[in-house]
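Asks: If you're matching positions, the sequence shown starts at 13 in the working numbering and goes up one per residue. The beta-carbon is built from N, C-alpha and C at its ideal position, and this holds for glycine as well. Pasting in a structure now, in structure tokens, and then I'll have a few things to ask.
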Amino acid sequence: MAERPAGNGSLITGLVLFFVVGTPMIAYVWHVLSDVLSGHVEIIPVTAAIALLLVFLVLLRFLLRFIERMGRAS
Numbered sequence: 013m014a015e016r017p018a019g020n021g022s023l024i025t026g027l028v029l030f031f032v033v034g035t036p037m038i039a040y041v042w043h044v045l046s047d048v049l050s051g052h053v054e055i056i057p058v059t060a061a062i063a064l065l066l067v068f069l070v071l072l073r074f075l076l077r078f079i080e081r082m083g084r085a086s
């Protein structure tokens, strides 16, 4: 049986999932960046923020690939 091309529901689901997962990550990174810029540097939160930023970038790449695949499928 042939696969159906992904519809708008898949796109909306992917975007909502990315938003729900990505927003807390960026909020934490923003908070740590604000602390660093105000002079409160602590190594553990900064390290965690860098790790979260890398995870966010990987998730962003997955989202971009997902959108590209949907564009080719339609």
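Is the distance from the Cβ of Val-70 to the Cβ of Val-58 below 8 Å?
Replies: As a position in the sequence shown, residue 70 is number 58, starting the count at 1. As a position in the sequence shown, residue 58 is number 46, starting the count at 1. No. Outside cutoff.
Asks: Enumerate in chain order the residues of its own chain whose CB-to-CB distance from Gly-26 is below 8 Å, with the five nearest sequence positions on each side excluded.
Replies: Position 14 of the sequence shown, counting from 1, holds the residue named residue 26. For Gly-26, where only same-chain residues beyond five positions count, the Cβ hits under 8 Å are Leu-75, Phe-78 and Ile-79.
Asks: Report the three-state DSSP secondary structure of Glu-54 (helix, strand or coil).
Replies: Residue numbering aside, residue 54 sits at position 42 when the sequence shown is read from its first letter. Note: Glu-54 maps to coil in three-state DSSP.
Asks: Go ahead and pull the three-state DSSP assignment for Gly-83.
Replies: Sequence index remark: in the sequence shown, residue 83 carries index 71 (1-based). Reduced to three states, the DSSP call for Gly-83 is helix.
Asks: Going by the CB atoms, is the gap between Leu-72 and Met-37 shorter than 8 Å?
Replies: Indexing the sequence shown from 1 puts residue 37 at position 25. Indexing the sequence shown from 1 puts residue 72 at position 60. No, the Cβ-Cβ distance between Met-37 and Leu-72 is not below 8 Å.
Asks: Quick check on Gly-21: does DSSP put it in helix, strand or coil?
Replies: Along the sequence shown, read from residue 1 onward, the residue named residue 21 stands at position 9. DSSP places Gly-21 in helix when its eight states are reduced to three.
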